[in-house]
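These protein sequence lines map, in sequence, to chains G and Y.
Going by my numbering, the letters in the first sequence line up with residues 1 to 118, in that order.
Going by my numbering, the letters in the second sequence line up with residues 119 to 267, in that order.
The beta-carbon is built from N, C-alpha and C at its ideal position, and this holds for glycine as well.
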Amino acid sequence: MDKASPKVAVDYVRSAVVVTLNYEKILDEVDIKSIEKSVLPVIDDNDNIKLVLDFSKVQFLSSAMLGLLIRIKKIVEDKGGQLRLAGINPKIMGVFKITRLDKVFTIVEDSVAATESF
Amino acid sequence: MDSKNNDFLLESAKTIEVDSLDRVSYACGVVMDAINASNFAHDEVFAIHLALEEAVVNAIKHGNNCDSSKKAYLSYSISDDRVDIVVSDEGGGFDPSRIPDPCCDDNLCKASGRGLFLIKSYMDLVEYNDSGNSIHMVKYSQKVRESDR
Chain G
1 MDKASPKVAV DYVRSAVVVT LNYEKILDEV DIKSIEKSVL PVIDDNDNIK LVLDFSKVQF
61 LSSAMLGLLI RIKKIVEDKG GQLRLAGINP KIMGVFKITR LDKVFTIVED SVAATESF
Chain Y
119 MDSKNNDFLL ESAKTIEVDS LDRVSYACGV VMDAINASNF AHDEVFAIHL ALEEAVVNAI
179 KHGNNCDSSK KAYLSYSISD DRVDIVVSDE GGGFDPSRIP DPCCDDNLCK ASGRGLFLIK
239 SYMDLVEYND SGNSIHMVKY SQKVRESDR
């Protein structure tokens, strides 16, 4: 991973906001609070946001991150927005399937497909 | 073997003490380095790592209520065919049968409550001591499961 990359990168693509999580592992409270602090202001600043969370760099995450995703989804939808998860690797996709969260989230292959899906 | 983990005795086990959430990644990293140096498949390593992190976080957060004067005890034993992990805390314990199913429709959108479910889903054997403050988890290597067929 490029050491110069911010841990959370925000890009505006078409009408969407793409948040790339430059973490190999999202595990502890520090990581999760840091992501929360970066993502929530982006949602606050954009009513009806079309938000893509790009997990293509992420190899591993804990149930605490699943909890944050659920909170983010609720905040986005309460503000009239939509959320897509993109770039989820097969092992993490297994976690979503086992917990049935693949039925809760709209999961798209990659961020390009996600921005085109709105 | 630390006496705190004597509900589940593991042969040749090593034990790490963890006193805060900040130390969870380090402690789990020590165990995972040892497992990565063994012959477990990538999927098995992912499963063990996930269950291990969830168990230690549960012990610190829910068992010890993040009280840094209390410790969680992480013991592990690795052989060619299985990994045994015991995680104990100094809390009062809980009844795992009373943990709601996070996959039922009413709970699906709750932000927490998936840790134990993931542990059970990804490990081959999961058991608690009577007081509910110590969990023993086992993952068998794929080679063992295939030889059983």
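Beyond the five residues adjoining it in sequence on each side, LEU234 (chain Y) comes within less than 6 Å, by CB distance, of ILE217 in the same chain, given in chain order.
ARG100 (chain G) carries a coil assignment under DSSP once its states are collapsed to helix, strand and coil.
In the DSSP annotation of this structure, THR133 (chain Y) is not part of any alpha helix (DSSP H); the continuous beta strand (DSSP E) holding it starts and ends at 132-136. Remark: fewer than three beta-carbon pairs, one from each stretch, lie closer than 8 Å, so the segment 230-246 of chain Y and the segment 78-93 of chain G are not flagged as touching. When the Cα atoms are used, ASN48 (chain G) and LEU27 (chain G) turn out to be separated by approximately 29 Å. Taking C-beta separations shorter than 6 Å and ignoring five residues to either side along the sequence, the partners of ARG14 (chain G) in its chain run THR115, following chain order.
Here MET255 (chain Y) is bridged, per DSSP, to Y:ILE203 and Y:VAL244.
Sorting G:LEU61, G:ARG84, G:VAL52 and G:PRO6 by C-alpha distance to the C-alpha of ARG232 (chain Y) places G:LEU61 at the top. Listed along chain G are PHE60, each with a C-beta nearer than 8 Å to that of HIS167 (chain Y). GLU29 (chain G) belongs to the set of residues whose beta carbon lies under 8 Å from a beta carbon in chain Y. Of the residues assessed, VAL52 (chain G) falls on the buried side of the cut-off, its CB having 16 or more other CB atoms within 10 angstroms.
For ASP198 (chain Y) against ASN157 (chain Y), the beta-carbon gap comes to about 6 Å, under 8 Å, which counts as contact.
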